[in-house]
Amino acid sequence: MSRELSPEAQKEFDWLVTRYPQREAAMLPTLRLIEREFGCIDPEGMKLCAQLIGCSPAKVFGVVTFYTHYKRETDGENVVYVCGTLPCALRGSDALADYLCDRVGIGLGETTEDRKITIKKVECLALCDQAPVCQVEDVDWLRVSKEKADEMLESLGIPKRETAGAAAGGEEKRS
Amino acid sequence: MIWSLLVAFGVFFILTNGLPPALVYAERKLAAGIQNRVGPNRVGPYGLLQPIADAIKLLFKEDVTPRGADKFLFSIAPILSFVPAALAFAIIPFGNYAGEVRLQVADLNVGILFATAIISLGAYGIAFGGWASNSKFPLLAAVRSSAQLISYEVVMALALVAMIMTYGTVRTEVMVLAQAVPLAETGPFAYLPAWGVFQQPIAFVLFVICCFAENNRAPFDMPECEAELVGGYHTEYSSMKFALFFQGEYIAMTTMSALIVTIFLGGWHFPGMDVADHSVGMGILTILVFMAKLLGVLFFYIWVRWTLPRFRYDQVMRLCWKGCIPIALVNIAITGIIGVLYS
Amino acid sequence: MAGPATTHAPETPSQTGIGERLFLPSVVKGLLSTLRHMMFGESFTVEYPEESVYAVNKFPNDENRRFRGEHILVKDDQGREKCVACMLCSAACPAVCITIVPEEVDWEDRDRRPKVFEIDMLRCIYCGFCEEACPCDAIRLTPAFYQVSRTREEKVYDKEKLLNDDPDDPRGKYQSPIHPGK
Amino acid sequence: MSAPAKTVETVKIKVNGKELDAPKDQPVLQTCLDNGIYIPHYCYHPALSISGNCRMCLCTASNAPKAVISCATFPAEGAEYTTESEEVKKLREIILEFLLINHPLDCPVCDQAGECDLQEFSFRFGKDDSRFEEEKNYRHTKKLGTNVRLYGNRCIVCTRCVRFCEEIAGDAELCVRERGDSNIIDTFPGIPLENPISGCVADICPVGALFVDDFVHKTRVFFLESTTSVCNMCATGCSINVDTWQGEVQRLRPRHNPDVNDYWMCDRGRVGYKYSGAAERLSRYEVGPARAGSSAGDGKAKAGPTDPPRSTRAPSDFGKALAAVSDRAERVRREHGPGAFAFVASAWMSVEEMFLFRRLATTLAGAVPGEAGPATGILAVADGEAWTPRVGGAFKIDSDRNPNRKGAEMLLLGSFISEPFSVLLDRLESGAIKFAWVVGGIPDFSPMDRFRDALGAISNVVVTDILPGPLSERATILLPAASFVEKDGVFVNGRGWAQRCRAALPPPGETRTELDLFQELLRRAGERERVLSAQGVYAELAAEVGAFADTSYKTLGALGARVTDDEPAEREPTGREAAKR
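One line per chain: the protein sequences are W, Z, R and U, in this order. If you're matching positions, the first sequence starts at 1 in the working numbering and goes up one per residue. If you're matching positions, the second sequence starts at 1 in the working numbering and goes up one per residue. If you're matching positions, the third sequence starts at 1 in the working numbering and goes up one per residue. If you're matching positions, the fourth sequence starts at 1 in the working numbering and goes up one per residue.
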């Protein structure tokens with residue numbers, strides 16, 4: 001247990017705990033706190049959280065892996081979340097994920113060598129009416145077609161392919 | 001007279017000792033045919049020597065008497081089943097006259113009565129064999145057999161009563177002669193001989209059923225039903241004692257067939273034959289005719305065995321007491337009434 | 001069926017027709033049927049050893065299909081036994097002649113195989129239940145039947161012997177991929 | 001039972017038209033199960049908290065618009081529940097189809113097959129086909145800890161194991177990781193499932209996802225024959241089932257006994273049968289010549305660890321060995337009197353054996369008024385580590401590693417053994433002892449050096465033991481013994497709870513059980529007429545020993561009964577009850 005919270009963070013944690021009826025209920029904000037402190041949530045961070053909350057590390061592990069939006073140590077700078085739940089799946093999220101991976105040159109769940117981009121398949125992003133949906137750094141990309149995917153990747157610094165058609169239809173962008 | 005006896009015994013011997021092995025072979029071949037098999041074909045051409053091989057094997061087998069068995073009864077049981085069957089054959093006229101020779105061993109004036117009396121003795125062989133074996137399955141078989149034989153003898157006798165009323169005699173020779181006339185003076189039946197089967201079809205059917213039952217042949221093979229009683233009354237027998245039982249069974253079958261032929265199928269007579277012709281040629285012809293009829297009935301025996309399944313024991317008894325006996329009695333009554341009306 | 005246990009089922013009163021009650025028409029029918037077989041029926045007997053059971057084609061559409069001879073263990077396309085040692089065959093075996101000891105393997109598609117697989121051919125009654133019970137099509141009964149041996153021990157077939165795929169062997173030639181007639 | 005009689009508040013409900021009195025704080029599912037109405041369920045376990053995630057126990061309720069899960073529904077006065085309607089059947093079919101979506105069809109290689117709820121419910125309640133055509137998910141197969149193995153593909157994520165680790169074992173090593181269809185049981189990286197009762201997760205796993213490593217790929221459960229028995233590895237005395245096949249113990253399984261072990265047993269006990277099937281088991285009666293030259297006084301000097309090697313004993317049989325025992329005892333008694341005898345019992349014997357051994361000792365040694373009686377003692381293994389779950393559940397592992405020390409205290413202390421063990425050692429070393437009978441029956445037993453060496457110098461040493469070891473090496477007459485899976489008898493656990501141990505297998509080779517052995521010797525000495533079964537011996541014992549009075553094999557039944565009053569039998573709450581407080 002080498003890791004410790006900084007005094008300010010510790011203070012924030014102490015305040016957090018008081019807001020919940022049970023200590024364990026403060027787990028999610030505590031994890032956010034740790035994420036902010038240490039940049040990501042790695043096993044050491046989980047152990048610290050478990051220690052602070054007073055539960056077993058396995059429990060924290062379960063919670064962290066359940067929520068995809070905690071930044072893990074394996075994640076790159078930008079994480080592309082591709083929704084894989086039913087409506088998106090029906091509208092071709094599999095093909096979309098494959099396309100993205102193909103463009104970036106990595107597999108699903110992997111990170112580029114320069115640690116810039118990670119592509120992840122996640123459960124529902126709560127935009128089922130706009131399927132298929134991707135999310136990059138709090139920006140939702142709705143009804144993602146190939147062209148739109150190209151546009152999205154461009155925003156992450158990956159240039160469009162020469163052969164790709166110029167028809168860009170990215171009017172539905174929401175932040 | 002001497003000649004008569006010699007010829008008679010010659011035929012008798014052939015029938016009683018030569019026929020059983022042949023019948024065994026025929027039975028196996030016919031069964032195979034019915035079941036789309038080949039049958040014996042290893043020993044000799046077409047397996048013809050199979051019966052001889054069987055006989056040799058039986059001769060050389062160890063003769064076992066089970067511990068606890070009644071030695072005396074155990075030994076005489078096979079003889080008791082063999083002898084009466086052969087003995088009853090004596091009254092069968094297996095031909096007319098060959099010259100002076102009467103083709104019948106004994107023309108008794110009690111004829112049929114002698115036959116039924118003697119055949120009934122066969123039950124002792126089975127009963128003794130089953131009891132003397134000191135084994136439960138043979139005993140059960142013996143009990144079953146006794147009950148069955150007693151029951152069916154009643155029917156047989158009743159069927160015969162109708163025939164005796166029809167022919168007006170118990171002498172077998174006279175019975176044959178009585179069948180050697182046309183069935184009717186004129187009309188379509190004039191071409192049929194007056195065989196018992198045409199005069200008394202019901203009695204014929206009853207008698208045939210009784211013959212099967214008396215011989216313990218399928219579908220009435222209660223005493224030796226393999227599935228329930230292992231081998232029946234001869235389970236404990238081996239070697240020649242077993243062979244005697246076996247032979248006795250086939251001789252009984254032959255004797256019964258001969259009775260059927262004599263009483264119902266016109267005996268040695270065939271339509272268009274001159275009964276008064278006592279030449280040797282005609283005598284031999286009558287023997288051949290008799291043999292042909294006999295083999296036909298034997299074939300029927302075998303045919304039925306490989307066609308019909310065995311009755312259950314209660315069915316056997318019900319068939320006898322609730323089926324055959326009432327019918328036989330009614331048949332006698334009708335025969336009597338017709339007899340009174342036409343006399 | 002109330003009352004004490006009876007030895008026979010009660011007679012069904014359905015046999016009403018006089019013809020049926022007399023039995024005779026049925027008897028005649030049966031007699032004619034057997035007569036037909038006797039006169040025109042062709043023999044199905046394979047006269048072994050003059051005739052070979054493998055060569056004879058008495059049943060053109062049913063080539064030896066129903067014959068149950070000695071077993072083989074089937075190999076998969078990689079030459080490994082298909083058997084996963086689930087022991088359902090030994091559970092189904094009425095003669096209790098199959099001995100299996102499972103073992104763990106780290107194959108990609110399965111993690112279990114028989115370490116020991118023995119069939120005691122002297123106890124086997126060739127009922128084919130093992131073949132029916134097998135969920136993996138791993139054991140089959142071949143038409144091979146005239147396997148002889150000089151000792152009892154030889155008749156206990158081990159895994160190697162059962163996995164035989166020698167085309168010259170009467171059992172081995174029924175090894176995967178194609179079982180003739182199956 | 002010993003649970004304090006509490007008035008249970010009940011309400012009247014109707015299930016399938018049948019009126020039931022339902023305890024108010026008990027889920028409808030449990031009430032139905034108690035009343036013989038079976039509702040299929042996976043995630044519900046009576047000892048664990050309610051999770052309600054498998055949805056298998058759906059039933060319709062008159063007071064709810066939609067079907068409810070009966071495991072998390074508490075009875076309302078007058079409510080009607082239906083568990084067998086067409087609707088419920090349809091729901092079950094759908095739930096099962098859903099649970100089977102990612103379940104592989106590997107029943108042939110799955111060791112759970114035969115006692116798998118998924119298999120059984122699919123057969124009883126499931127659809128005959130599935131509409132799922134896509135590819136199945138693959139999830140990890142790994143060892144969660146030294147004893148437990150996970151086949152992730154087969155998991156239906158009922159989380160019984162997770163709740164067990166949290167509520168019963170208390171260390172919460174397991175969690176459900178990921179989400180959706182990649183949901184899987186896992187441990188925190190680097191913290192394996194290593195609590196002392198981890199094997200129980202395999203017992204409660206309703207499907208073939210978790211296994212005790214010891215049982216994987218061993219046999220099929222439908223071959224196993226179960227014998228109810230009691231675990232032998234510590235004074236907790238868990239109720240168990242001994243599962244055997246082909247004359248070998250295949251596994252031990254805990255058996256529900258609310259007064260002893262609830263649903264659990266420890267990992268150490270789970271493999272506690274191993275020694276009974278060991279290849280080196282003693283299975284032959286052996287008789288050697290009496291050891292010469294141990295004259296009084298210098299026995300101590302002569303004692304050496306290499307004393308009589310096994311080879312001096314010749315193979316014998318039951319009858320001859322017993323004759324040798326009685327002959328030599330007779331001679332020693334005539335020449336030296338009762339003071340030359342030593343009898344050492346073991347805390348691993350059943351109470352019946354102790355009872356008989358006690359009687360046999362007085363018979364063999366005889367008694368001369370005014371003279372010293374035989375030296376007596378009792379062998380036991382040293383205490384191990386006790387274990388109590390951090391959350392304070394009902395299940396504990398006793399520090400006492402002897403299964404029947406309590407029974408030995410009740411039967412032997414005072415009446416048979418009146419001196420401390422050190423006195424026994426002194427008498428053994430004094431050289432006055434000419435005949436010693438030592439009952440071992442303890443696997444991995446290493447007696448103290450003094451005891452071992454002293455035995456090596458005594459002229460007649462009869463040893464009754466299971467495995468070869470320091471005791472059997474020093475025997476002049478060796479009598480093989482039966483292990484706990486091979487004998488009938490009663491064991492009294494540390495809290496005074498007597499339970500029956502039943503023979504699941506015959507003893508190896510020509511071995512006869514000690515029960516037979518002692519009785520046969522008594523019979524030859526004219527002390528009894530017949531050799532009785534364990535039940536008969538227990539009846540004699542109950543008539544003679546006060547604490548066991550009014551008990552019999554019948555009253556002990558499958559779950560046992562309390563035979564001592566010196567400790568209150570307080571049953572601690574199970575996980576759910578504890579959580580509810």
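We treat Cβ as the ideally placed atom computed from N, Cα and C, and that holds for glycine. None of the values given here were measured: they were computed from a predicted structure.
Per-residue burial, W:Lys59 [other beta carbons within 10 Å of its own, 16 or more giving buried]:
buried
Where does U:Glu225 fall in DSSP's three states?
strand
Name the one or two DSSP bridge partners that U:Gly124 has.
Residue identity check: residue 124 of chain U is Arg in the sequence provided, not Gly. According to DSSP, which records beta bridges pairwise, U:Arg124 is partnered with nothing at all.
When the cut-off is 8 Å and only beta carbons count, does Z:Ile34 lie next to chain R?
yes
By the 10 Å Cβ neighbour count, where 16 or more other Cβ atoms means buried, how is U:Pro254 classified, buried or exposed?
buried
Could you pull out every residue in the same chain whose Cβ sits closer than 8 Å to the Cβ of Z:Val170, ignoring the five residues on either side in sequence?
Asn109, Val110, Gly111, Ile112, Leu113 and Ile164
Of the residues that make up the region 305-335 of chain Z, which ones have a beta carbon closer than 8 Å to any beta carbon in chain R?
Trp306, Thr307, Leu308, Arg312 and Asp314
For R:Pro114, list the residues DSSP reports as bridge partners.
R:Pro102
U:Val8 - DSSP class collapsed to helix/strand/coil:
coil
Can you tell me whether U:Trp497 is helix, strand or coil according to DSSP?
strand
With three or more beta-carbon pairs closer than 8 Å as the criterion, would you say the region 408-427 of chain U touches the region 343-363 of chain U?
yes
Among the residues of its own chain, which have a CB less than 6 Å from the CB of R:Ser90, if the five just before and after it don't count?
Ile98 and Ile100
When burial is assigned at 16 or more other CB atoms within 10 Å of the CB, is Z:Ala203 buried or exposed?
buried
Going by Cα to Cα distance, which pick from W:Glu77, W:Gly157 and W:Tyr67 is closest to W:Lys121?
W:Tyr67
Give me the Cα-Cα distance between U:Ser483 and U:Ser316, rounded to the nearest whole angstrom.
21 Å
Near Z:Arg310, what residues of its chain come up, given a Cβ to Cβ distance below 7 Å and the 5 sequence neighbours on each side ignored?
Ala218, Pro219, Asp221 and Cys225
Within 8 Å of chain U by C-beta, residues of the region 97-115 of chain R in sequence order:
Pro102, Glu103, Glu104, Arg110, Asp111 and Arg112
Less than 8 Å between CB atoms is the rule here; does R:Cys86 satisfy it with respect to chain U?
yes
Contact check, U:Leu556 vs U:Val492, beta carbons under 8 Å:
no
Could you work out which residues of chain W lie near U:Leu150, taking near to mean beta carbons separated by less than 9 Å?
Neighbours of U:Leu150 on chain W: none; closest Cβ ~13 Å, over 9 Å.
So that I know if they touch, is there some Cβ in chain U lying closer than 8 Å to that of W:Gly62?
yes
One or two residues paired with U:Ser491 in a DSSP bridge:
For the sequence presented, residue 491 of chain U should be read as Phe rather than Ser. Its beta-bridge partners are U:Gln499.
For the alpha helix (DSSP H) containing Z:Asn96, list its first residue and its last residue.
Here Z:Asn96 belongs to no alpha helix (DSSP H); instead the beta strand (DSSP E) covers Pro93 to Ala98.
Residue span of the alpha helix (DSSP H) that contains U:Asp426, given as start and end:
Phe421 to Ser430
Any C-beta of chain U under 8 Å from that of W:Pro7:
no
Proximity test, Cβ basis, 8 Å: R:Glu51 and chain Z:
no
Alpha carbon to alpha carbon, how far is Z:Ile209 from R:Pro25? Give it in angstroms, no decimals.
15 Å
Within chain R, the residues that U:Pro108 reaches when beta carbons sit closer than 8 Å:
Val84, Cys86, Leu88, Pro135 and Cys136
Taking 8 Å as the cut-off, decide whether the C-beta atoms of U:Pro447 and U:Cys234 are in contact.
no
Any idea if R:Pro102 is buried or exposed, counting beta-carbon neighbours within 10 angstroms, 16 or more meaning buried?
buried
Under 9 Å by beta carbon: chain U residues contacting R:Ala247
The structure shown does not extend to residue 247 of chain R, since chain R is modelled only from 1 to 182, so the question has no answer here.
Which same chain residues, not among the five before or five after Z:Ala157, have their C-beta less than 8 Å away from its C-beta?
Thr116
Taking 8 Å as the threshold (beta carbon to beta carbon), is R:Phe44 in contact with chain Z?
yes
Among residues of its own chain, excluding the 5 on either side of Z:Leu15, which ones have a beta-carbon nearer than 7 Å to its beta-carbon?
Phe89 and Thr254
Taking only runs that begin and end inside the region 9-56 of chain W, name each unbroken alpha helix (DSSP H) of 4 or more residues, in chain order.
27-38 and 43-53
Whether Z:Phe290 touches Z:Gly267 by CB criterion (8 Å):
yes
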